[in-house]
Structure formats: structure tokens, C-alpha cells
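Heads up, the thing below is written out as C-alpha cells.
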Amino acid sequence: MPTIVVGLPAVVITLLAFSEQVYATLIAAAAEGFFVTMGFCVVALLVRILSKKWHPGPFTLPVVAGAARWIIFEVMNLAWPRGAEELPWTVGWAVPIGLAGIALAGFLVRLPVRADQNVNQDLHAPHEIAEEEDEAQTTKPVFTS
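Just so it is clear: in the sequence shown, position 6 is 6 by UniProt numbering, and no numbers are missing.
Shown next as C-alpha cells:
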């Protein structure tokens, strides 16, 4: 079954890749995927720096902010439909539709996981309990006979 699920789309994409329009769309989607992936890392680092949860060096904030701006610009640039007049609308809008589909799939996958995260939020609770037990043991009076 996994062979069919993976193999069939691969064969279809390979056969469609002989078309110049499909090949250009695949290249745009691959480049977009690269920038989106890098954008997750860079924007997450920028949020971490701005929330003061990480103390960067003197040049880190300007470099990360510049990288985040550039990546956001490139994502919008690559997703922008071009040549829509002479190409079918599916070719011009393939990257934005693909990104929206991936975002929707990610959201649908995240929904059931999100409810489980509320249970695991107190990751430090066992450590705090252990520290309280240690303090209780050290403050007990020692009786000697």
C-alpha cells in the first residue's frame, strides 16, 4: 500500500514534468518550500529574541530581522502568480494553492495534538516537587539520643 501511495503520484508527476509549464511550476514550488522551511527557523528565532528568552550577541538581532524580512519577501515573491494571461490559471496559482493546502493539512493535524499539549505544559513540575521534598528533608530536625 505505501508503494502505491508514494509511487503513483511520483509516476504522474514524472509524466507531467515533460510539460514546460508543469516543470516551471515544480521548480517554483521547490524554491517556495525551501524559503518556507528556512522561514520557520528564522522567524522562530526572531520571536525568541524579541521575547527576551534568548540573549543574542550585538549583531544577531539586525541580522536575524533582515533575514526574516528577506525570507518573507521571497515567499510572497515566489507565491505571486505570474504570466496568468498566457497560462492556465492552475499553473499561475499552483504555488499559493499548494501552500494553502499544506497549511490546512498542518492545521488539521495540529488540532488533536493541541488538546494533548495542555496536559504536558508543566514540564518542570516534577523537578519542583523534588526540590520541595529535598527542602522538607533538610529542614526536619534531627533527633539524636
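We put the CB at the ideal spot given by N, CA and C, even for glycine. Every value quoted in this text rests on a predicted model; they were computed, and no experiment measured them.
Expressed to the nearest angstrom, what Euclidean distance is found between the alpha-carbon atoms of PHE59 and SER19?
Start at 1 with the first residue of the sequence shown, and residue 59 comes out as number 59. Start at 1 with the first residue of the sequence shown, and residue 19 comes out as number 19. Using only the alpha carbons, I get a separation of about 46 Å.
Every unbroken alpha helix (DSSP H) inside the segment 12–76 [4 residues or more]
DSSP runs (the alpha helix (DSSP H)) wholly in the segment 12–76: 20–50.
Considering Cα atoms alone, identify which of GLU32, VAL63, ALA28 and LEU26 is closest to LEU45.
Mapped onto the sequence shown, residue 45 falls at position 45. Of GLU32, VAL63, ALA28 and LEU26, the residue nearest in Cα terms is VAL63.
Should PHE40 be labelled buried (16 or more other beta-carbon atoms within 10 Å of its own) or exposed?
To locate residue 40, count along the sequence shown from 1; it is residue 40. Exposed: under 16 other Cβ atoms inside 10 Å.
Between the beta-carbon of LEU78 and the beta-carbon of ALA28, is there less than 7 Å?
Position 78 of the sequence shown, counting from 1, holds the residue named residue 78. Position 28 of the sequence shown, counting from 1, holds the residue named residue 28. In this structure, ALA28 lies closer than 7 Å to LEU78 by Cβ.
Can you tell me whether ARG110 is helix, strand or coil according to DSSP?
Residue 110 sits at position 110 when you count from the first residue of the sequence shown. In this structure, ARG110 counts as helix in the three-state DSSP scheme.
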